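Shown next, in structure tokens, is the structure this report addresses.
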């Protein structure tokens, strides 16, 4: 495969293959529909017992089946449960999943897979809201509709091969959210549209297949076409992997990483882009247009670079390369020799023991507080946003440092602190940012943001306070406070109490670097929205009769490290492997390394993939030699691969191109029992066990 991402993408894509091939054979424990009806209606379902389909006494859910749940053609099943968890679900071509009007919050959590060949409607009613949460993966081959005030939240993997529509009704919108660590893959002709919201959050990934890329509001082309909100985080991953020439589109202006993975055409930049990393894969090519782009580093199959300007021979760059940059334009990419590592989860950080001591900038955002939950009529207050702290630290090579990312609050406790220290104990923290406070149950008072002075760092900012919700005679919850930015304290929502929605119910907009507060519920009973990462406070719920209304959760915090990159080096003793056709393994030998590389990956060219060569995801690097698997039926020819090494899961990579030459050996003989063997030095051994003396002709 020719896309770069965290290792979990590989496993998710492998699971996608099983969705298409394995889900339609019956196994013991599988469920299928008998008729339309509510999900929890036992008369809706049948279960396979090994010999046939039988009626059931319990509806299917993750706790009682790991098998496949199939919505058959012509059946419409309505999710009417709060917190329904399922493993594997298939919706046939004319089958349908929709959501009920009761309870107040209807949720379906997909833990493994949802294959939609029919229709999925995340349905809204005046008395309820609905959420479809994808923690595993979902493949949409037909139609998904997200009604007003409902959300489709991707936490795992979502592949869109058709249409997703988000709706609007006056002041409510359907929302499609791609969250941190999640992957959205868009086929060339697919789109997410409608008069609703699309949000690609920090540290999420979008794989763009459309020839038109992704575009800003005001256009109706590309993979994302919502008409009210299109948010593309500058701290997200963008992969262009189309099947023809592509443009990046006008929505791409800044990114954590841009990967040019399209080997079927050229990817043209529509605007100047500021990137942490620009990566161009083997067989891919970027057309920089006439812009000057900025990137911390450039990763090519032939190596990784952090200095000077790069472009084609038509440009004025110091480093010219027409293999990876299209010669038709004069644009350049200016490298800044600065990289940014963003951490959304608790982990450790270290550099190679042979590196020289150097300084890093550490930034931390505390997590957001939860918005107020109402069990009595009225609006809950908004949760407080997380604080910000930063400091420049001179690190010791080889030492292990501990990164703790605070979790957003889902209770009345404050959002957790985020910090960077020399041990796993907070007492060793060198940088620390406080989390925002949460709202007490049935309280309308907005919660305080994280307090700067309680943090640790040379620069410290406070989080924003959440807004107050209305009394029982009002009609709104309070919006969540934003987290602090790099150069300013967090903000609070507006103060206006009229309008639709009232400004006081809208989550606060964060200063640069911070996370927005979550919107509160207003007008009708329902939950508040979660804060946005990093550290946004949750919006308050609003209740006007009916069931209780929960407040939105606070967003997780974040830790960010910026420093000058150090690339590992591997010296291969030979970059060209010779084998006979039929040989299935060989090795790449190396005799030295620098920079402590501990992991390697292999990315073969498209031609090699077509011949059966399989890419290798990052794995532990063995001593002395790296195994190369060769398909036994590979035709004769020379195949390219890229070996990439790095230090640990968060180190920056360095790459080398190698080739595998498969030699087709043909011979004619009247004897039998003839075989040949190839070696890495190009020699061939012919072994003959025949007892006769017939002549042998070899070519």
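Residue numbers (the working numbering): 432 to 1130. Built from N, CA and C at the ideal position, the CB exists for glycine as well. Remember, predicted model here, so these are calculated numbers, not experimental data.
- For residue 895, same chain residues with a beta-carbon under 6 angstroms away, outside a window of 5 residues either side, are 816, 880, 912, 913, 921, 922, 923, 939 in chain order.
- The three-state secondary structure of residue 529, taken from DSSP, is strand.
- For residue 1039, there is no enclosing beta strand (DSSP E); the enclosing alpha helix (DSSP H) has its first and last residue at 1037-1041.
- Taking 3 residues as the shortest admissible run, the stretch 858-936 contains the following complete beta strand (DSSP E) segments, listed from N- to C-terminal end: 860-864, 890-892.
- DSSP, reduced to helix, strand and coil, places residue 473 within a helical segment of the structure shown.
- Residue 669 has 637, 689 as its beta-bridge partners, per DSSP.
- A straight-line Cα-Cα distance of about 7 angstroms links residue 876 and residue 898.
- Residue pairing by DSSP places residue 710 opposite 690, 730 in a beta bridge.
- Residues 804, 805, 811, 908, 952, 958, 959, 980, 981, 982 of the same chain have their beta carbon placed closer than 6 angstroms to that of residue 972, with the five preceding and five following residues left out of the count.
- Per DSSP, reduced to three states, the secondary structure at residue 496 is coil, with no helix or strand assignment.
- Per DSSP, reduced to three states, the secondary structure at residue 465 is coil, with no helix or strand assignment.
- Residue pairing for residue 989: DSSP places it in a beta bridge opposite 796.
- Each residue's CA atom was taken as its position, placing residue 565 and residue 525 some 22 angstroms apart.
- Between the alpha carbons of residue 774 and residue 571 lies a gap of roughly 30 angstroms.
- Inter-residue distance for residue 1064 and residue 1080 is about 34 angstroms (C-alpha atoms, whole angstroms).
- When the beta-carbon positions are compared, residue 795 and residue 915 stay at least 7 angstroms from each other.
- Scanning 961, 625, 885, 934 for the CA closest to the CA of residue 840 turns up 961.
- Runs of the beta strand (DSSP E) spanning 3 or more residues and lying entirely within the stretch 781-859 occur at 789-796, 819-826, 832-835, 849-852, in chain order.
- Residue environment for residue 1055: exposed (fewer than 16 other C-beta atoms within 10 angstroms of its C-beta).
- Membership of residue 719 in any beta strand (DSSP E) is not indicated, and neither H nor E is assigned to it by DSSP.
- Relative to residue 745, the option among 790, 719, 501, 707 whose CA is nearest is 719.
- Taking C-alpha positions only, residue 487 is separated from residue 583 by approximately 30 angstroms.
- Collapsing the DSSP output to three states places residue 656 in coil.
- Under DSSP, residue 1019 takes part in a beta bridge, and its partners are 1057.
- Minimum Cα-Cα distance from residue 984 among the listed residues 618, 867, 588 corresponds to 867.
- Residue 749 holds the alpha-carbon nearest to the alpha-carbon of residue 766 among 759, 781, 749.
- The Cβ neighbour count for residue 747, taken over all protein chains shown within 10 Å, is under 16; the residue is labelled exposed.
- For the pair residue 700 and residue 657, the CB atoms are not nearer than the 7 angstroms cut-off.
- Contact between the stretch 502-519 and the stretch 465-478 is present, with at least three C-beta pairs closer than 8 angstroms.
- The beta carbons of residue 797 and residue 966 sit closer together than 7 angstroms.
- In the displayed model, residue 662 falls within a strand according to three-state DSSP.
- Going by beta carbons, residue 1075 and residue 1084 fall inside the 7 angstroms limit.
- Two segments are said to touch when three or more pairs of C-beta atoms, one from each, lie closer than 8 angstroms; by this definition the stretch 822-832 touches the stretch 781-791.
- Pairwise C-beta distances place the stretch 633-648 in contact with the stretch 669-688, as three or more of them are shorter than 8 angstroms.
- Residue 721 sits exposed, since fewer than 16 C-beta atoms from the chains shown fall within 10 Å of its C-beta.
- From the listed residues 596, 641, 969, 714, the smallest Cα separation to residue 618 is found for 641.
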